[in-house]
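So the sequence shown is residues -10 to 416, counted in our numbering. Presented below is the structure to which this report refers.
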Amino acid sequence: MTPMKTCLLVAALTLVPAVAAAQESSLAALRPGASTPSGAIALGRALRRAGHFDEAARVLNGVRDPSLRAEARWEAARVRIDQGAYRPAQAACNAIPAGQRRRVCLARAYLVWQRVALAERELNAARSMSAGDGELQLATGDARRMAADLSAAESAYREAAQAMPDRPEPHLGLGALAEVAQRLDDAEAAYRRAVAADPTDPHSALALGQFLLRRRGNAAAALPLLQRATADRPQWPEALTALGEALVATGDAAAARAAFESALRVSPTQTGAQAGLGRALLALQLWAEAEAPFRRAIAQVGTDASAYAGLAEVLEHTQREPEAMQAWDGAIDRAPGDSAIRLRAAELAHRTQQNALARAYVDRVLTDAPRHAPALVLRGIIATEEGDRNAARAALTAALSGEGAIDRAAVEQRLRELDQPARPRRR
């Protein structure tokens, strides 16, 4: 590794601990006020957002003031619901005084367990007590979304947003609904409303950041949002993985490596983290180190085409072409519509003098995308090598007006060479 890369890596590896220290400093400012009931509730909420679930529950359950105890119990139940722990959530909900709020809480606990019918039973009981508030509508929206009743879910989320204008959750629900329906402009607007409703909420920052990164392909816009989400909740593997993806896309592979490794320390099976780590190591040209994360990613999620593609790149760089071709085929099987993967397989087949196979890959790319300029260039090169000058000229000419980046000067040179008289073959 070069001295410059070593410096970058060392700096990146200090990033996540520094973020965690800053977040702990902000919590420390709230701790002195926890001696009062309202201060304890404020600290408990901050701890929940930071992902310190056990401490948050301990602080909130310690509130004894009768006037604030019900609120503290509700917040303690939100801790376990956010944690995704069904049994502790159910127990925390049952500690809330009997009434509509307990029913709503139990419904949310059942949704953690993915038991929609049981959640609906609790929500119906809550509605029978009174018209309800924004929390009831929010839980209704979540239940209807989980039941795939998207129209009813949208109506409930909109009512919740009107009842709780300073809460981001209804807008996050609306964004998720719109995203599933491929209404991407509506989804982005909803996620932005969530961020505006509570700029300090890490879930909103993560949702908008992931959307901009994965749906819009705008890593630069996503990066500050994902940095903020991980600053507010440093040990959040989902956010750390998304941050790593954005850092790879914006060219900071060393920092991306640190983010992925942090995610895997917290959750070794975090979706996307192993493949992401492999991509970061590829960008750092650490071919041997990149192989193991890609193989672990494939073992964890056998349908991940990007992991197969990353492994194929590693195998190519380490001169194991037959294995690389098998990996490219694995990627194609899992993402048959991805022309970039198929073209990479075609390029490897061409380099290893398997023109018939390369032509088959390229022809499939051009069937799906007839104006794919890089594929047309490769098709022209193969045709030239096979002696079909007319097909070569047609493909290379089409490439000049096609879509995608190509070396135009090199293509024009190949066309000029095709215009020269064919050399007689030696006997």
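We treat Cβ as the ideally placed atom computed from N, Cα and C, and that holds for glycine. Note that the structure is predicted; figures quoted are calculated from it, not measured.
Quiz item: Is Cys(-4) buried or exposed, if buried means 16 or more other CB atoms sit within 10 Å of its CB?
Solution: Position 7 of the sequence shown, counted from the first residue, corresponds to residue -4. Here Cys(-4) scores only 48 on pLDDT, less than 50, and its place in the model should not be relied on; the value that follows carries that caveat. With fewer than 16 Cβ atoms within 10 Å of its Cβ, Cys(-4) is classed as exposed.
Exercise. Can you give me the Cβ contacts of Leu385 inside the same chain, cut-off strictly under 6 Å, excluding the 5 residues immediately before and after it?
Key: The residue you call residue 385 lines up with position 396 of the sequence shown. Answer for Leu385: Gly369, Val400, Arg403 and Leu404, listed in chain order.
Quiz item: If you count every other CB in all the chains shown that lies within 10 Å of the CB of Ala372, and 16 or more means buried, which is it?
Solution: Within the sequence shown, residue 372 is the residue found at index 383, counting from 1. Result: buried.
Self-check item: Straight-line Cα distance separating Ala35 from Leu16
Solution: To locate residue 16, count along the sequence shown from 1; it is residue 27. To locate residue 35, count along the sequence shown from 1; it is residue 46. Roughly 7 Å separates the two Cα atoms.
Quiz item: In three-state terms, what does DSSP make of Arg375?
Solution: In the sequence shown, residue 375 corresponds to position 386, counting from 1. Looking at the sequence shown, residue 375 is not Arg but Glu. Residue state, collapsed to three classes: coil.
Quiz item: So the alpha helix (DSSP H) Trp102 belongs to, where does it begin and stop?
Solution: Taking the sequence shown and counting its residues from 1, the one referred to as residue 102 is at position 113. Note, Trp102: premise wrong, no alpha helix (DSSP H); not H, not E.
Quiz prompt | Start and end residues, alpha helix (DSSP H) containing Gly121 | solution = Along the sequence shown, read from residue 1 onward, the residue named residue 121 stands at position 132. Looking at the DSSP string, Gly121 is not in any alpha helix (DSSP H), and its letter there is neither H nor E.
Quiz prompt | Nearest residue (CA-CA) to Gln472, options Ala220, Pro86, Phe249 and Ala165 | solution = Any question about residue 472 goes unanswered here, given that the chain covers just -10 to 416.
Self-check item: Sequence ranges, alpha helix (DSSP H) only - wholly within the stretch 11 to 90, length at least 4
Solution: 26 to 39, 42 to 50, 55 to 72 and 75 to 83
Quiz item: With 16 other CB atoms within 10 Å as the buried threshold, where does Glu375 fall?
Solution: Here residue 375 refers to the residue found at position 386 when the sequence shown is read from its first residue. Exposed, because fewer than 16 other Cβ atoms sit within 10 Å of the Cβ of Glu375.
Practice problem: Report all residues from its chain with a CB closer than 6 Å to the CB of Leu125; omit the five preceding and five following residues, and keep chain order. | Solution: Reading the sequence shown from its first residue, position 136 is the one you call residue 125. For Leu125, where only same-chain residues beyond five positions count, the Cβ hits under 6 Å are Val93 and Ala115.
Quiz item: Would a C-beta distance cut-off of 9 Å place Ala132 and Leu112 closer than the cut-off?
Solution: Counted from its first residue, the sequence shown places residue 132 at position 143. Counted from its first residue, the sequence shown places residue 112 at position 123. Yes. Within cutoff.
Quiz prompt | Pair within 9 Å by beta-carbon distance, Ala347 and His339 | solution = Locating residue 347 in the sequence shown gives position 358, where the first residue counts as 1. Locating residue 339 in the sequence shown gives position 350, where the first residue counts as 1. A contact, by the Cβ cut-off of 9 Å.
Self-check item: Candidates Arg69, Leu161 and Thr341, of which the one nearest Glu44 by Cα
Solution: As a first step, residue 44 must be located in the sequence shown, where it is residue number 55. Answer by Cα proximity: Arg69.
Exercise. Could you spell out the range, first to last residue, of the alpha helix (DSSP H) harbouring Trp317?
Key: The residue you call residue 317 lines up with position 328 of the sequence shown. Residues Glu310 to Arg323.
Quiz prompt | Alpha-carbon spacing of Arg382 relative to Leu407, whole angstroms | solution = Mapped onto the sequence shown, residue 382 falls at position 393. Mapped onto the sequence shown, residue 407 falls at position 418. Each residue's Cα considered, the two are about 7 Å apart.
Quiz item: Mind checking whether Ala142 and Gly164 have CB atoms under 9 Å apart?
Solution: The residue labelled residue 142 in the question sits at position 153 within the sequence shown. The residue labelled residue 164 in the question sits at position 175 within the sequence shown. Their beta carbons are not under 9 Å apart, which means Ala142 does not touch Gly164 by this criterion.
Self-check item: Burial state of Asp190, where buried means 16 or more other Cβ atoms lie within 10 Å
Solution: For the purposes of this step, residue 190 is taken as residue 201 along the sequence shown, with counting starting at 1. With 16 or more other Cβ atoms within 10 Å, it is buried.
Exercise. Could you check which residue in Gly240, His192 and Gly233 has the C-alpha nearest to that of Ala247?
Key: Here residue 247 is taken as the residue at index 258 of the sequence shown, counted from 1. Looking at the Cα atoms, Gly233 is the closest of the given residues.
Quiz item: First and last residue of the alpha helix (DSSP H) that includes Gln199?
Solution: Start at 1 with the first residue of the sequence shown, and residue 199 comes out as number 210. Its alpha helix (DSSP H) spans residues Pro191 to Arg203.
Quiz prompt | Option in Glu302, Asp377, Val255 and Ala294 with minimal Cα separation from Glu278 | solution = Here residue 278 refers to the residue found at position 289 when the sequence shown is read from its first residue. Minimum Cα distance to Glu278 is reached at Glu302.
Quiz prompt | Inter-residue Cα distance where the pair is Arg76 and Arg104 | solution = Numbered from 1 along the sequence shown, position 87 holds the residue referred to as residue 76. Numbered from 1 along the sequence shown, position 115 holds the residue referred to as residue 104. Each residue's alpha carbon lies about 13 Å from the other.
Quiz item: What's the C-alpha gap between Ala31 and His41?
Solution: Position 42 of the sequence shown, counting from 1, holds the residue named residue 31. Position 52 of the sequence shown, counting from 1, holds the residue named residue 41. Whole-angstrom Cα-Cα distance: 14 Å.
Quiz prompt | Cut-off 7 Å between Cβ atoms - residues of its own chain near Thr239, not counting five sequence neighbours on either side | solution = Within the sequence shown, the letter at position 250 stands for residue 239. The residues are Ala208, Ala209 and Leu212.
Quiz prompt | Residue nearest to Leu275 in terms of C-alpha spacing, selected from His306, Gln151 and Trp102 | solution = Translated into positions along the sequence shown, residue 275 becomes position 286. It is His306 whose Cα lies nearest to the Cα of Leu275.
Exercise. Throw me the rounded Cβ distance for the Leu337 and Gly299 pair, which I believe falls under 8 Å.
Key: Residue mapping note: residue 337 aligns to position 348 of the sequence shown, counting from 1. Residue mapping note: residue 299 aligns to position 310 of the sequence shown, counting from 1. Leu337 to Gly299, Cβ: 14 Å. No contact.
Exercise. Look at the alpha carbon of Gly429 and the alpha carbon of Asp396, and state the distance between them as a whole number of angstroms.
Key: Outside the shown range of the chain, which is -10 to 416, sits residue 429, and nothing can be said about it.
Quiz prompt | C-alpha gap between His169 and Asp377, whole angstroms | solution = Taking the first residue of the sequence shown as 1, we reach residue 169 at position 180. Taking the first residue of the sequence shown as 1, we reach residue 377 at position 388. According to the sequence shown, residue 169 is Val rather than His. About 47 Å.
Self-check item: Local Cβ density within 10 Å of Gln409, reported as buried at 16 or more and exposed below that
Solution: Counted from its first residue, the sequence shown places residue 409 at position 420. When all chains shown are included, Gln409 counts as exposed.
Exercise. State the Cα-Cα distance for the pair Arg91 and Trp63, rounded to the nearest angstrom.
Key: Here residue 91 corresponds to residue number 102 of the sequence shown, with the count starting at 1. Here residue 63 corresponds to residue number 74 of the sequence shown, with the count starting at 1. Roughly 8 Å separates the two Cα atoms.
Quiz item: Count the other CB atoms within 10 Å of the CB of Gln171; is the residue buried (16 or more) or exposed (fewer)?
Solution: One-based indexing of the sequence shown puts residue 171 at position 182. By the 10 Å Cβ count, Gln171 comes out exposed.
Self-check item: Nearest candidate by alpha-carbon position, reference Ala186, set Ala380, Ala334, Gln199 and Leu161
Solution: Taking the sequence shown and counting its residues from 1, the one referred to as residue 186 is at position 197. Closest option to Ala186, Cα to Cα, is Leu161.
Quiz prompt | Status (buried if at least 16 other CB within 10 Å, exposed otherwise) for Arg360 | solution = Here residue 360 refers to the residue found at position 371 when the sequence shown is read from its first residue. Exposed.
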